[in-house]
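Chemist:
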Amino acid sequence: MPRSPMIELRGVTKAWSGLYAVGPLNLSVAEGEFVALLGGSGCGKTTTLKMINGLVAPDAGEVWVDGERVGPASGWRLRRRIGYVFQDIGLFPHMTVAENLACGPRLAGWSRARIAARVDELLDLVALPRATAERLPDTLSGGQRQRVGVARALGAAPRVMLMDEPFGALDPITRDTLGRAWREWHDRLGLTTVMVTHDVMEALLLADRIVVMEAGQIIADDVPGALLSDHADPRVRDLMETPRRQALRVAALAEGSIGEDSRHG
Amino acid sequence: MDERVAAAWALLPNYLSWHVFLSLCALGLGFSVSLPLAVAASRSAIVRWPSLFGASLIQTIPSLALLALFYPLLLAFSSLSLAWFGHGFPALGFAPSLLALTLYSMLPLLRNGVTGLMGVDPAAVEAAKGLGMTDAQRLWRVELPLAAPVIMAGARTAAVATIGAATLATPVGQTSLGNYIFSGLQTENWVSVLFGCAASALLALTVDQLLGLIGSGVASRRRWRIWAGALGLIVGSTVALSPLIAAPREGGYVIGAKNFSEQYILAELMASRLKARGATVAIKSDLGSATVYRALAAGEIDAYVDYSGTLWENVLHRTDNPGRDSVLSGLATDLKKRDGVIVLGPLGFENAYVLAMRAERAKALGVVSLADLAGHADQLTLGTDLEFLSRPEWAAVRDAYGLRFGKQTAYQPTFMYRALGDGQADVISAFSSDGRIAADHLVVLSDPKAALPPYDAVILISPRRAHDARLIAALKPLIGAVSVNAMRDANYSVDRDQEKRSPAQAARGLVRGE
Chain L
384 MPRSPMIELR
394 GVTKAWSGLY
404 AVGPLNLSVA
414 EGEFVALLGG
424 SGCGKTTTLK
434 MINGLVAPDA
444 GEVWVDGERV
454 GPASGWRLRR
464 RIGYVFQDIG
474 LFPHMTVAEN
484 LACGPRLAGW
494 SRARIAARVD
504 ELLDLVALPR
514 ATAERLPDTL
524 SGGQRQRVGV
534 ARALGAAPRV
544 MLMDEPFGAL
554 DPITRDTLGR
564 AWREWHDRLG
574 LTTVMVTHDV
584 MEALLLADRI
594 VVMEAGQIIA
604 DDVPGALLSD
614 HADPRVRDLM
624 ETPRRQALRV
634 AALAEGSIGE
644 DSRHG
Chain U
865 MDERVAAAWA
875 LLPNYLSWHV
885 FLSLCALGLG
895 FSVSLPLAVA
905 ASRSAIVRWP
915 SLFGASLIQT
925 IPSLALLALF
935 YPLLLAFSSL
945 SLAWFGHGFP
955 ALGFAPSLLA
965 LTLYSMLPLL
975 RNGVTGLMGV
985 DPAAVEAAKG
995 LGMTDAQRLW
1005 RVELPLAAPV
1015 IMAGARTAAV
1025 ATIGAATLAT
1035 PVGQTSLGNY
1045 IFSGLQTENW
1055 VSVLFGCAAS
1065 ALLALTVDQL
1075 LGLIGSGVAS
1085 RRRWRIWAGA
1095 LGLIVGSTVA
1105 LSPLIAAPRE
1115 GGYVIGAKNF
1125 SEQYILAELM
1135 ASRLKARGAT
1145 VAIKSDLGSA
1155 TVYRALAAGE
1165 IDAYVDYSGT
1175 LWENVLHRTD
1185 NPGRDSVLSG
1195 LATDLKKRDG
1205 VIVLGPLGFE
1215 NAYVLAMRAE
1225 RAKALGVVSL
1235 ADLAGHADQL
1245 TLGTDLEFLS
1255 RPEWAAVRDA
1265 YGLRFGKQTA
1275 YQPTFMYRAL
1285 GDGQADVISA
1295 FSSDGRIAAD
1305 HLVVLSDPKA
1315 ALPPYDAVIL
1325 ISPRRAHDAR
1335 LIAALKPLIG
1345 AVSVNAMRDA
1355 NYSVDRDQEK
1365 RSPAQAARGL
1375 VRGE
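Same order as they appear, the protein sequences are chains L and U.
Take 384 as the starting number for the first sequence in the working numbering and just add one per residue.
Take 865 as the starting number for the second sequence in the working numbering and just add one per residue.
In structure tokens:
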């Protein structure tokens, strides 16, 4: 008998004052999967993500997480078991790094000693020196802040992680470093991750599976390799064109054999 | 040390303790109403606009008027409560002051509260939601701490405004640092006025600095600043309030006084006679002319001196003038019947409203009586105290003689005499017992048509004390014992510029043989 999925959306719709509409969507994510929600701005990917942890209530349909129906009443209780990271991070500026990291465990009612140990553990996990604990968020670099943001979301050891363009505001090198680090933590901690991104390369390199959205609808849902190799939908082919071309060109550069013929396009 | 400074110092513990107590209660109440309202307003536009509009509207009412308006309002509530539940509450003094100042403190608290809460970084709010905080947890752990610096700035503004406005509690019968200012203004004791201003300003500045210390501690997360500021406020308040805490609860008599020197002196006279019989006495001075009678009828003060003509016209609304004996006996019967107020009897002198001019000016114009004045009035300026022009006496004398002045200006009484002295006014509404009539060489214009009613000074006793043997025994000997000359001398000794006496000192020489 197959296990029930960790996250499941059944016929979910959401309309914003008649202008933008999402759905009806059907999506299921298995435990341990790393899914990227890919699309341009306004395609509904952020709304979809927020409906998973109840920050946005769907107009119709059902959302299930870990065998529990997401409803307005269960909102905050459920969110304590789901990690959430977004581009603006939202570290609390009046709290030290340690206090920020302790938020989730405190809400979960952990003991003082257990929280203190957890803070050290989280700093080690995201590769920040322990001395960072007493600093205020204002004194950190962008990359350090986002590491704290990720660590805070992991605070109460959630099994599901929702990420909304988590590394979007970082420089390309930090972004790549953190992206790869996250993939490693995802695997090590056995998490289920849904990551919203508009960066095709990021989605291809990190995710097990990519869900492509446009105008509130899912237009493709497959493993990265399948999307790259001549997809039936022309919109998906267009989307994959740029990274594929770049990848070929980089590969050619690496081999030192650039011919005129490979420079088309 | 100057005698007047020493006298002011001696009053400081009492005035300051009430001032601090009143401001503290008003700010505490204002804060506990405004903060929840600010939270509700920051979450909902339906709450936001009406509450901010209401608070702004209150701020546009002059603070003195706001204080004054609460008296009749509370009086009405008090009589309702008396009718429904069997007991009323004092409508004068602390209650109206507290309510008015509380309302007055709300705008800065509310506006800064809303601004601070709505200015919290939306990312922090989203993160708090994402972490699974409930609405209350988000408010206490994230939104309020982040809005705290702005809220604290509002608290500083509110504190400074409230402490300043609390000086205006004096005219509604609440002791405050305003007592220095209002009584000093009446008796031209500028040392007292300055002392009151300085004390109030110093208090406001100190509280502002301490709140500033707490605010900077909150903003910069330096706990010692928060503790130092809070400790300063607590220790300061405790020291300032200690005279109130130490004092035995007031079970004694309360003597009322209106806002001029003669009233202060007579209140001191009555108080000293009660004290001589071992009673505890408090004086509530600077009460408005209409307020003081209602306060007596309601039992908030036990005794005060009023004038027969004033009571006849303003309280009984009579416009006839049947002669002084009939007025006195009419008052005794009607006030008792209507309000239960006892007219103990006349003190023996009159303080009538009269019109007066400088002697040489009157001579030059050939004016002796009000009838003579009518022909010249359109060329002259009338200076009056603040209430004369709205009193029935003025209507009566104006209509009886057909007086139409070229210009009419109302002054605070002290400045009215100044205006007459330097020619800004030609005729003033004076009081016949005023020592300045003789000292400034003024002539009182005669009233051949008897348009102005008699103004015998009479002692009134509240219904509550109608059978209080000690009070009656103490005050009865004053009936018929104060001559008009003695009263003029006493008034002048307080009002003059040189060798001024305090009202208490002036009271000592007022009654022969005491």
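Built from N, CA and C at the ideal position, the CB exists for glycine as well.
Okay, do the stretch 488-500 of chain L and the stretch 443-451 of chain L touch, 3+ Cβ pairs below 8 angstroms being the bar?
Modeler: With a cut-off of 8 angstroms, the stretch 443-451 of chain L and the stretch 488-500 of chain L do not count as touching, because too few Cβ pairs lie within range.
Chemist: What residue range is occupied by the uninterrupted beta strand (DSSP E) comprising LYS1148(U)?
Modeler: Run containing LYS1148(U): 1145-1148, per the beta strand (DSSP E) assignment.
Chemist: Could you give the distance in angstroms between the alpha-carbon of VAL1103(U) and the alpha-carbon of GLY1096(U)?
Modeler: Going by the C-alpha atoms only, they are around 11 angstroms apart.
Chemist: Below 7 angstroms on C-beta distance, what does MET997(U) contact in chain L?
Modeler: Within 7 angstroms Cβ-Cβ: TRP459, LEU490.
Chemist: According to a CB-to-CB cut-off of less than 8 angstroms, which residues of the stretch 561-586 of chain L neighbour chain U?
Modeler: Residues passing the 8 angstroms Cβ filter: none.
Chemist: By Cβ distance below 6 angstroms, which residues in the same chain neighbour ALA929(U) in space, the five residues on each side in sequence not counted?
Modeler: Here the set comprises nothing.
Chemist: Tell me whether the beta-carbon of GLU1132(U) lies closer than 8 angstroms to the beta-carbon of ALA1321(U).
Modeler: Not in contact: GLU1132(U) and ALA1321(U) (Cβ atoms no closer than 8 angstroms).
Chemist: Can you list, in chain order, the residues of its chain with a C-beta nearer than 7 angstroms to that of TRP568(L)? Leave out the 5 residues immediately preceding and following it.
Modeler: Same-chain partners within the cutoff: LEU508.
Chemist: Tell me, which residues are paired with LYS397(L) by DSSP?
Modeler: Bridge partners of LYS397(L): VAL405(L).
Chemist: Helix, strand or coil for LYS993(U), going by three-state DSSP, please let me know.
Modeler: Residue state, collapsed to three classes: helix.
Chemist: To the nearest angstrom, how far is the alpha carbon of GLY1266(U) from that of LEU1244(U)?
Modeler: Taking the straight line joining both Cα atoms gives about 14 angstroms.
Chemist: Go ahead and label HIS647(L) buried or exposed: buried means 16 or more other beta carbons lie within 10 angstroms of its beta carbon, across all protein chains shown.
Modeler: Bear in mind that the predicted position of HIS647(L) carries a pLDDT of just 47, short of 50, making it unreliable; the figure below should be weighed with that in mind. Burial call: exposed.
Chemist: Residues of chain L with a CB under 9 angstroms from the CB of GLU990(U): which are they?
Modeler: Result: LEU438, TYR467, PHE469, ASP471, GLY473.
Chemist: For ASP1290(U), count neighbouring Cβ atoms within 10 angstroms of its own Cβ and tell me buried if that reaches 16, exposed if not.
Modeler: With 16 or more other Cβ atoms within 10 Å, it is buried.
Chemist: Taking the DSSP output, what are the residues bridged to LEU1219(U)?
Modeler: Bridge partners of LEU1219(U): SER1293(U).
Chemist: According to DSSP, PRO1341(U) sits in a beta bridge with which residue or residues?
Modeler: BP columns for PRO1341(U) are empty, so no partner.
Chemist: So, does the CB of ARG1089(U) fall closer than 8 angstroms to a CB anywhere in chain L?
Modeler: False, the Cβ-Cβ gap to chain L never drops below 8 angstroms.
Chemist: When you compare the stretch 1165-1177 of chain U with the stretch 1321-1334 of chain U, are there three or more beta-carbon pairs, one atom per stretch, that lie closer than 8 angstroms?
Modeler: Result yes; three or more Cβ-Cβ pairs closer than 8 angstroms.
Chemist: Rounding to the nearest angstrom, what Cα-Cα distance links VAL984(U) and GLY551(L) in this structure?
Modeler: The alpha-carbon atoms of VAL984(U) and GLY551(L) are separated by roughly 23 angstroms.
Chemist: DSSP state of PRO1013(U), grouped into three classes?
Modeler: In the structure shown, PRO1013(U) sits in a helix (DSSP, three-state: H, G or I).
Chemist: Identify, in the order they occur along the chain, each residue of the same chain with its Cβ nearer than 6 angstroms to the Cβ of LEU1180(U), setting aside the five sequence neighbours on each side.
Modeler: So the list reads ASP1198, once near-sequence residues are dropped.
Chemist: Taking 8 angstroms as the threshold (C-beta atoms), are LEU1211(U) and ALA1338(U) in contact?
Modeler: Result no, Cβ atoms of ALA1338(U) and LEU1211(U) do not sit closer than 8 angstroms.
Chemist: So what's TYR1319(U) in DSSP terms, helix, strand or just coil?
Modeler: The answer is coil: DSSP assigns TYR1319(U) none of H, G, I, E or B.
Chemist: Assign GLU1363(U) to buried or exposed, taking buried as 16 or more other Cβ atoms, counted over all protein chains shown, within 10 Å of its Cβ.
Modeler: GLU1363(U) is exposed by the Cβ-count criterion.
Chemist: Please identify the residue among SER1125(U), VAL903(U), VAL1191(U), ARG1282(U) whose C-alpha is closest to the C-alpha of TRP1004(U).
Modeler: Of SER1125(U), VAL903(U), VAL1191(U), ARG1282(U), the residue nearest in Cα terms is VAL903(U).
Chemist: Beta carbon of LEU916(U), beta carbon of VAL978(U): below 8 angstroms?
Modeler: The answer is yes: Cβ separation under 8 angstroms.
Chemist: Name, going along the chain, the residues of the stretch 484-508 of chain L whose beta-carbon falls closer than 7 angstroms to a beta-carbon of chain U.
Modeler: Listed by position along the chain: CYS486, GLY487, LEU490.
Chemist: Just the C-alpha distance for LEU1066(U) and ALA905(U), rounded to the nearest angstrom, thanks.
Modeler: Each residue's alpha carbon lies about 34 angstroms from the other.
Chemist: Cβ closer than 8 angstroms: which chain C residues qualify as neighbours of LEU1010(U)?
Modeler: Absent from the structure is chain C; the protein chains it does hold are L and U.
Chemist: If the cut is a Cβ gap below 8 angstroms, which residues of chain U does ARG518(L) touch?
Modeler: The contacting residues do not exist; ARG518(L) stays about 12 angstroms from chain U at best.
Chemist: For a contact meaning CB atoms closer than 8 angstroms, what does LYS1148(U) contact in chain L?
Modeler: Result: empty, since nearest Cβ-Cβ is about 49 angstroms, beyond 8 angstroms.
Chemist: May I have a chain-ordered list of the alpha helix (DSSP H) segments no shorter than 4 residues that lie completely inside the stretch 887-939 of chain U?
Modeler: With a minimum length of 4 residues, the continuous alpha helix (DSSP H) runs that stay inside the stretch 887-939 of chain U are 909-924.
Chemist: Our contact map puts SER1149(U) next to ILE1027(U) with C-beta atoms below 8 angstroms; I'd like the distance itself, whole angstroms only.
Modeler: The Cβ separation is near 21 angstroms, so there is no contact.
Chemist: Taking only beta-carbon positions, decide if ARG1085(U) is within less than 8 angstroms of chain L.
Modeler: So, interface residue.
Chemist: In whole angstroms, give me the CA-to-CA distance for ALA586(L) and ARG497(L).
Modeler: Their backbone Cα atoms lie some 35 angstroms apart in a straight line.
Chemist: Would you say ARG452(L) faces chain U, with C-beta separation under 8 angstroms as the test?
Modeler: With 8 angstroms as the cut-off, ARG452(L) does not count as an interface residue toward chain U.
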